[in-house]
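Its first residue numbered 38, the sequence shown is counted upward by one per residue in the numbering used here. Worksheet: one structure, shown below.
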Amino acid sequence: MLFPRCSPGARIQEEEEEEEEEEEQGLVNHPRLPLATEFPWSPTPKMQFAFHGDAIMGGLFQGRCTDNARAAVRLAFHDAGTFSLALQKAGLPNGGADGSMLSDPTEVTRAENNGLQTIVSLLQPLVTQFKVAPGDVLHLAGALGVLACPGGPVVPVFVGRHLPLNTAPQGLLPSPEDPIDKLVARFADMGLSIRQMVALIGAHTTGRQRFVNTTYAGDSFDSTINIWDTRFYTETLATGLLPGQFKLDSDVNFATNATTATEFTRFIGHQDLWITDYAGAHEQMSLLGQNTATLTDCSEILPLSISLTPLEVTTGNGGGGGGEGGGGGGGGGGGGGGGGGGKAATDPPIDPTLLEAAIEKYRDIWLVPA
């Protein structure tokens with residue numbers, strides 16, 4: 038297990054490696070080091086956040102692309118997505134990536150935040166337990182939620198936020214019922230480009246709809262809900278519906294409207310391009326309304342991303358997985374369920390055996406024993 042350099046485990050690992058080298062050279066035979074909790078020094082803020090990450094990735098996500106992991110990604114957007122450059126310029130109460138979703142009990146009761154109640158209730162105690170700002174806990178969880186899903190990139194994490202100044206304004210979260218011009222304008226008011234907007238909605242690759250159309254509650258937005266891949270773009274653009282697939286009206290519009298179609302199709306079958314763009318857009322989103330000069334980059338505590346390329350099926354058939362959870366978006370919209378169709382050749386299938394082996398290799402310390 039490789040520990041980030043800012044974590045307590047890093048010191049243990051470095052000492053153990055030095056000990057092994059000395060033993061091989063016959064220089065000395067040291068006893069094993071004590072546990073990290075037995076060291077006489079106090080952990081630095083980065084070390085503390087390494088423990089926070091364990092509590093989230095292990096305690097809440099169990100190292101996998103679970104309901105809680107997916108909901109944490111959606112929560113990050115719903116927290117940050119209320120930021121407005123116009124409100125900022127006018128000096129009016131504003132939203133942003135401040136964690137108000139965890140500190141204000143009224144926000145999670147809003148219709149657009151339906152389905153986030155569980156993840157909010159799970160993250161709230163960590164704010165008190167670790168004595169940190171709610172925004173730091175929330176957006177660390179969002180970044181870890183991405184990484185919990187194989188294929189998800191490392192999204193840089195910054196900590197040191199102040200407490201939220203006010204309740205997030207209502208009516209600012211984008212809705213799947215909104216027309217493209219309204220969505221483009223809303224993201225522009227956040228300071229995000231069309232390309233960043235289209236990259237961010239790709240988080241629907243691990244999402245399900247539950248409240249847009251209860252007849253098809255639980256239907257996913259693509260056929261590989263446990264994997265962070267570009268199949269969402271491919272299958273949203275494709276004609277018809279796959280079994281168990283649901284298409285939001287806004288997603289279909291993103292895929293077909295002249296304003297956004299070029300950016301949407303750009304990501305089809307281009308995993309590396311998409312995750313690079315996504316990571317940058319998510320990072321910027323997680324800093325909306327924040328003074329970055331006062332924050333600390335804590336990205337080194339994050340685990341490695343699980344690349345999908347080595348897991349692709351080269352012969353025969355492969356597949357994705359099941360699962361449940363949220364995506365990165367709001368409520369409302371249209372779409373439908375059922376149907377049929379085929380998978381595009383631009384998205385190589387993933388070998389389930391190799392996928393599980395990769396999860397066990399890179400997420401072993403957080404997995405729940407069978």
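Every residue, glycine too, gets a C-beta built ideally from N, C-alpha and C. Remember, predicted model here, so these are calculated numbers, not experimental data.
query	result
For Val196, the residue or residues it bridges with in DSSP	Thr333
Segment contact, 8 Å Cβ cut-off, at least three pairs: the region 137 to 145 with the region 214 to 230	no
Stretch pair the region 342 to 350 + the region 208 to 223: three plus CB contacts closer than 8 Å	no
Limits of the alpha helix (DSSP H) - the one that Phe224 falls within	Ile217 to Met227
Where Ser212 sits in the DSSP three-state scheme	coil
Inter-residue spacing [alpha-carbon to alpha-carbon] between Thr411 and Pro386	One cannot answer for residue 411 here, as it falls past the ends of the chain, which runs 38 to 407.
Neighbour-count burial assignment, Ile402, 16 or more Cβ in a 10 Å radius	exposed
The alpha helix (DSSP H) enclosing Met234, as first and last residue numbers	Ile231 to Leu237
For Glu397, three-class secondary structure by DSSP	helix
Beta-bridge partners of Ser260, as assigned by DSSP	Paired residue(s): none; Ser260 is not in a bridge.
Between the CA atoms of Tyr270 and Met322 - distance to the nearest angstrom	21 Å
DSSP-derived helix/strand/coil call for Gln99	coil
Tyr270, enclosing alpha helix (DSSP H) - first and last residue	Arg268 to Leu274
Nonlocal neighbours in the same chain, by C-beta distance under 8 Å from His115, ignoring five residues either side	Met138, Glu149, Asn150, Leu153, Leu210 and Gly367
Residues near Asp388 in its chain [Cβ-Cβ closer than 8 Å; skip 5 each side]	Leu348, Glu349, Val350 and Gly355
Exposure of Asp334, with buried meaning 16 or more beta-carbon neighbours within 10 Å	exposed
Simplified DSSP state of Ile305, which is helix, strand or coil	coil
Neighbourhood of Leu332 by C-beta distance below 8 Å, restricted to the same chain and skipping five residues each side	Phe195, Val196, Gly197, Arg198 and Leu324
Whole-angstrom distance between His241 and Ala113, CA atom to CA atom	13 Å
Alpha helix (DSSP H) segment containing Ile156, residue limits	Gln154 to Phe167
Alpha-carbon spacing of Glu397 relative to His89, whole angstroms	21 Å
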